[in-house]
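Sequence order for the protein chains is A and B.
Going by the numbering used here, the first sequence opens with residue 12, and the numbers climb by one from there.
Going by the numbering used here, the second sequence opens with residue 146, and the numbers climb by one from there.
We put the beta carbon where it would ideally sit given N, CA and C, even for glycine.
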Amino acid sequence: SQTIHQWPATLVQPVGSPLSLECTVEGTSNPNLYWYRQAAGRGLQLLFYSVGIGQISSEVPQNLSASRPQDRQFILSSKKLLLSDSGFYLCAWTARQGAYGYTFGSGTRLTVV
Amino acid sequence: DAKTTQPNSMESNEEEPVHLPCNHSTISGTDYIHWYRQLPSQGPEYVIHGLTSNVNNRMASLAIAEDRKSSTLILHRATLRDAAVYYCILSGSNAGGTSYGKLTFGQGTILTVHP
Chain A
12 SQTIHQWPAT
22 LVQPVGSPLS
32 LECTVEGTSN
42 PNLYWYRQAA
52 GRGLQLLFYS
62 VGIGQISSEV
72 PQNLSASRPQ
82 DRQFILSSKK
92 LLLSDSGFYL
102 CAWTARQGAY
112 GYTFGSGTRL
122 TVV
Chain B
146 DAKTTQPNSM
156 ESNEEEPVHL
166 PCNHSTISGT
176 DYIHWYRQLP
186 SQGPEYVIHG
196 LTSNVNNRMA
206 SLAIAEDRKS
216 STLILHRATL
226 RDAAVYYCIL
236 SGSNAGGTSY
246 GKLTFGQGTI
256 LTVHP
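(1) Just grab the DSSP bridge partners of L235/B for me.
(2) Smallest Cα separation from Q252/B: which of H259/B, N158/B and A229/B?
(3) In this structure, how does DSSP classify R213/B when only helix, strand and coil are distinguished?
(4) So with Cβ pairs under 7 angstroms, would you call L87/A a contact of chain B?
(5) Since L32/A and Y100/A are thought to touch, with beta carbons under 8 angstroms apart, how far apart are those beta carbons, to the nearest angstrom?
(6) Does the CB of S61/A have a neighbour CB from chain B at under 7 angstroms?
(7) Answer with yes or no whether the minimum CB distance from N239/B to chain A is below 7 angstroms.
(8) Using 8 angstroms as the cut-off, can you tell me whether the segment 85-93 of chain A makes contact with the segment 170-190 of chain B, which would need three or more C-beta pairs spanning the two stretches below that distance?
(9) I'd like the span of the beta strand (DSSP E) that includes E33/A, first residue to last.
(10) Under the three-state reduction of DSSP, which class applies to L94/A: helix, strand or coil?
(11) Classify T122/A: buried if its beta carbon has 16 or more other beta carbons within 10 angstroms, exposed otherwise.
(12) Along chain A, which residues have their Cβ under 7 angstroms away from the Cβ of G188/B?
(13) In chain order, what residues of the same chain lie with their CB nearer than 6 angstroms to the CB of Q73/A, ignoring the 5 residues before and after it?
(14) Beta strand (DSSP E) containing I15/A: first to last residue?
(15) Within 7 angstroms of any Cβ in chain A, is that where the Cβ of S170/B sits?
(16) Using the rule of at least 16 other Cβ atoms within 10 Å of the residue's Cβ for burial, across every protein chain shown, is V163/B buried or exposed?
What follows is the structure, encoded as structure tokens:
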């Protein structure tokens, strides 16, 4: 069966520090991968998506970047965090072929202080 | 991206059916209709999705209007564990039939279930 792992679950980082959040998927090949962010009390905002290794599309201009070094690994990064980067970050995947449901990770609660 | 419109909130009593509506009047022919729900501090959970025909699974049923401009998620017997934010989302596919499928979340419907 397919599973998605996301870590860490919570993170408190000072302003100006770097960030690296990792997401891995098991049990499938060539998944579409997504990073979402949810600010407190608001809906999910798509940040990045990837349809293959090294292929990253950005949905909104921001202080973050994403990379996909391996087929089932998706990384969200920042060189210098801002207070506005605080939020709940979610990774998700779906099968490339056809229209299947999406599976979300358990999320990372990031607080920038 | 085509948008969806949902009521901000709905209430139900335990053991009763719940019909959660969603309008998507600008849906395209290749858009799939997805429903997800989210509990506080958790990632969204897949509920159901469909294209044209009504769909049933162990969690819920999805009724899709004939013109596809609206749909209804049906929880047959609400339980307290069904209390969540429910999102109705359209997922596009390209002409080749493969899904690059970005999900664009709206604010969703907050479902409250009373004991």
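Walking through what the data contain:
(1) On the second sequence, position 90 is the one that residue 235/B refers to. Beta-bridge pairing links L235/B to I178/B.
(2) On the second sequence, position 107 is the one that residue 252/B refers to. That would be A229/B, whose Cα lies nearest to the Cα of Q252/B.
(3) The residue labelled residue 213/B in the question sits at position 68 within the second sequence. Reduced to three states, the DSSP call for R213/B is coil.
(4) Taking the first sequence and counting its residues from 1, the one referred to as residue 87/A is at position 76. Judged by the 7 angstroms Cβ criterion, L87/A is not in contact with chain B.
(5) To locate residue 32/A, count along the first sequence from 1; it is residue 21. To locate residue 100/A, count along the first sequence from 1; it is residue 89. Going by Cβ atoms, the distance from L32/A to Y100/A rounds to 6 angstroms, so yes, they are a contact pair.
(6) Translated into positions along the first sequence, residue 61/A becomes position 50. No, its Cβ sits nowhere closer than 7 angstroms to a Cβ of chain B.
(7) Along the second sequence, read from residue 1 onward, the residue named residue 239/B stands at position 94. For N239/B, the pLDDT reaches just 48, beneath the cut-off of 50, and the residue's location in the model is therefore unreliable, although a value from the coordinates is still provided. Interface flag for N239/B against chain A is unset, since no Cβ pair is found closer than 7 angstroms.
(8) no
(9) By one-based count along the first sequence, residue 33/A stands at place 22. Run containing E33/A: L30 to E37, per the beta strand (DSSP E) assignment.
(10) Residue 94/A sits at position 83 when you count from the first residue of the first sequence. Note: L94/A maps to helix in three-state DSSP.
(11) As a position in the first sequence, residue 122/A is number 111, starting the count at 1. By the neighbour-count criterion, in which a residue is buried when 16 or more other Cβ atoms sit within 10 angstroms of its Cβ, T122/A is exposed.
(12) Counted from its first residue, the second sequence places residue 188/B at position 43. Within chain A, the residues near G188/B are L101, F115, G116, S117 and G118.
(13) By 1-based counting over the first sequence, the position of residue 73/A is 62. For Q73/A, where only same-chain residues beyond five positions count, there are no Cβ hits under 6 angstroms.
(14) On the first sequence, position 4 is the one that residue 15/A refers to. First-last of the beta strand (DSSP E) with I15/A: T14 to W18.
(15) For the purposes of this step, residue 170/B is taken as residue 25 along the second sequence, with counting starting at 1. Not one chain A Cβ lies under 7 angstroms of S170/B.
(16) In the second sequence, counting from the first residue as 1, residue 163/B sits at position 18. Counting Cβ neighbours within 10 Å, V163/B comes out buried, since at least 16 surround it.
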